[in-house]
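A quick write-up on the structure given underneath.
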Amino acid sequence: MSQPSQAFMRGTFFLSVAAFINRILGFISGMFVARVLGAEGIGLLMMAHPLVPLVITITELGLPVAISKLVAEADARDDRVKVRRILHVSLFVTGFLSVTLTTLSLLGSEWIASVLLSDQRAYYAMLAITPIAPIVAVSAVLKGYFRGKQRMHTIAASDVLENTVQIACVLALVHVLLPYGVSYAAAGAMAASVASEISSLLFLLASYKMRGEVKLPGETWSAHLRHGRSTLTELLRIGLPTTGNGVIHSLYGAFQPLLITTSLAAAGIGTAMATKQFGMIAGYAFPLLFMPSFITQSLSTALIPAISEAAANKDSLLMHSRMEQALRLGLWIGAPATVILYVWSTPLTTLIYHAPEAGLLLRILAPMFFMHYFDAPLHAILLGLGRANATLWNYAVTTVFKIAAIYVLGSQYGIAGIAFALGLSMVLIAMLNFYSISGSIGFYMDIRPFARVVFSMIIMILCGESAIRYLESLELSMLWNTLGSIGFSLLAYFTAMSVTKAWSRRSKSIYS
């Protein structure tokens with residue numbers, strides 16, 4: 002294996018391990034907050050948060066992606082001055098924009114709260130989270146620099162540190178502030194996020210300083226900025242096209258709490274109950290649904306250059322083979338995850354969150370969320386093919402559909418209708434990305450491995466439900482019933498996969 006390939010695989014491994022650890026840490030933190038604050042408190046958190054991603058998206062301008070690309074190119078030429086100029090210009094732009102927008106957000110916080118927050122108790126949480134924008138923006142620039150330098154272990158370590166500090170701060174602040182009311186406890190949880198981001202930023206700055214790069218005479222901040230116009234042009238040419246998707250996502254995220262509570266109000270549900278139901282779907286159901294997807298996200302990171310390389314070499318067979326492998330991995334992960342989240346929806350939400358009423362929402366979402374395990378690879382394939390505009394258009398269409406579906410179904414069927422609308426939007430985005438790939442290069446794949454996985458899923462469901470009934474007859478507790486039946490169903494799934502040879506990467510693929 003070549004040195005660049007080794008570096009790429011090593012970096013992917015570090016990021017995958019860190020992603021797994023962070024999912025576990027984040028899940029533990031989320032479970033604690035959900036149990037302490039309850040659905041109503043989680044609803045306040047979800048309402049207060051959406052403005053921040055919009056500020057971060059605007060201040061970043063897509064620069065982290067551009068930084069990693071330009072730094073890698075300059076580093077390959079051993080142009081150390083260009084590397085530092087890229088970093089200095091990027092830090093100045095993001096720092097200036099983030100501080101300016103954060104200041105405006107704080108000054109206009111009361112007006113923003115009156116427009117976006119359907120529950121004014123979320124105001125303190127919104128104030129607590131607003132200062133995070135410049136911290137995240139500067140961290141993103143440094144992470145882009147380290148990606149360009151192929152120092153993925155530094156990014157992985159900073160992410161793990163961030164989540165560890167967040168858990169510690171959440172435990173402390175929520176415990177201290179809860180006696181003053183749920184709104185103050187929610188603000189404490191948000192403040193914990195700020196503290197954790199600060200720790201991550203300090204670690205990244207220390208890692209950069211420890212490199213001890215030798216500067217040339219006259220190489221100062223002002224010199225880099227005076228000669229940085231061409232560098233800024235390069236950064237914006239790459240970064241701006243990637244900003245559109247993030248802006249749409251952030252605008253929708255800021256609008257979503259008001260949209261959901263408005264549609265629930267049209268269904269005759271009061272503000273407090275609407276906040277609680279929104280907390281159940283955003284704070285209980287979705288963390289469980291997203292838990293297994295870190296693997297497909299890591300896969301997608303590796304898939305973009307793999308597809309790009311095959312496309313550049315005009316190797317259609319290799320391109321389609323990589324696509325099939327990626328989708329098959331998504332199927333292997335998504336199949337058992339979907340079965341578990343559907344069959345054991347109520348026991349999971351009861352054991353983890355003490356919220357059995359959230360089980361219905363999880364059960365509605367799980368089958369449609371199955372498409373999410375394919376969406377990340379499909380999105381990466383389009384980016385690898387240079388079809389970034391297609392991903393933006395597909396996301397815009399899906400967002401319009403989601404807004405309409407949430408209001409129509411939510412006003413008619415309440416929170417269950419909203420869950421169904423969110424699930425349908427996940428199916429739509431995956432299908433649109435699939436259609437874009439098919440229209441661009443065609444889409445050919447062997448359906449036999451997929452049929453074997455579907456058969457294994459059916460065996461898993463049947464064995465799991467039989468195990469549930471048997472363990473119930475033994476009068477075991479819900480915890481042991483759930484663990485035992487899930488374990489038995491997974492054993493049945495893996496056995497069926499092995500018997501049908503569904504695991505085989507060379508299961509008579511049309512590309513072999």
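Just so you know, our numbering puts the end of the sequence shown at 513, numbered straight through with nothing missing.
All residues carry an ideal CB built from backbone N, CA and C; glycine is no exception.
All of these numbers come straight from a predicted model, not from anything done at the bench.
Does the beta-carbon distance from Glu-286 to Leu-362 come in below 8 Å? In the sequence as presented, Glu is not what sits at residue 286; that position holds Ala. Going by C-beta atoms, Ala-286 is nearer than 8 Å to Leu-362.
What does the alpha-carbon distance come out to for the pair Gly-269 and Ser-426? 24 Å
Going by C-alpha distance, which of Ile-419, Gln-413, Val-401 and Val-398 is nearest Ile-407? Ile-419
Using CA coordinates, which residue listed in Pro-337, Val-34, Val-82 and Ile-59 is at the minimum distance from Ala-497? Pro-337
Start and end residues, alpha helix (DSSP H) containing Met-281: Careful: Met-281 lies outside any alpha helix (DSSP H) and carries neither H nor E.
Within the same chain, show all residues whose beta-carbon is closer than 8 Å to that of Phe-489, passing over the 5 residues directly before and after it, in chain order. Cys-464, Gly-465 and Ala-468
Please report the straight-line C-alpha distance between Ser-437 and Gly-247, rounded to a whole angstrom. 20 Å
Is the Cβ-Cβ distance between Gly-284 and Ala-493 less than 8 Å? no
I'd like to know whether the C-beta atoms of Thr-244 and Ala-134 end up nearer to each other than 8 Å. no
Considering only the alpha carbon of each residue, which of Val-454, Ser-91 and Ile-136 lies closest to Val-340? Val-454
In or out: Asn-516 buried (at least 16 other Cβ within 10 Å) or exposed? No statement about residue 516 is possible, as the shown extent of the chain runs from 2 to 513 and does not include it.
Restricting to Cα atoms, I'd like to know which of Ile-296, Tyr-396, Thr-155 and Ile-416 is closest to Thr-263. Ile-416
Span separating the alpha-carbon of Gly-44 from that of Phe-279: 6 Å
Using a Cβ-Cβ cut-off of 7 Å (strictly less than) and excluding sequence neighbours within five positions of Gly-92, which residues of its own chain qualify? The residue you asked about is not Gly; residue 92 is Leu in the sequence shown. Val-139 and Val-142.
Can you confirm whether the stretch 428-443 touches the stretch 368-384 when touching is taken to mean that 3 or more C-beta pairs between the two stretches lie within less than 8 Å? yes
Member of Val-344, Met-292 and Ser-200 whose CA lies at the smallest distance from the CA of Met-461: Val-344
Starting from the N-terminal side, write out each stretch of the beta strand (DSSP E) that is 3 residues or longer and does not extend beyond the stretch 453-479. none
Roughly how many angstroms lie between the CA atoms of Ile-459 and Ile-430, to the nearest whole one? 26 Å
Arg-86 vs Thr-232 beta-carbon contact at 8 Å: yes
Sequence ranges, alpha helix (DSSP H) only - wholly within the stretch 68-141, length at least 4: 81-108, 110-117 and 124-130
Beta-carbon contacts of Ala-196 that lie in its chain and below 6 Å, excluding the five residues immediately before and after: Cys-170
Taking C-alpha atoms, which residue in Lys-403, Lys-502 and Gly-424 lies nearest to Met-369? Gly-424
Buried or exposed by the 16-neighbour rule on C-beta atoms within 10 Å, applied to Ala-173: exposed
Buried or exposed: where does Ser-499 fall if 16 or more other Cβ atoms within 10 Å of its Cβ makes it buried? exposed
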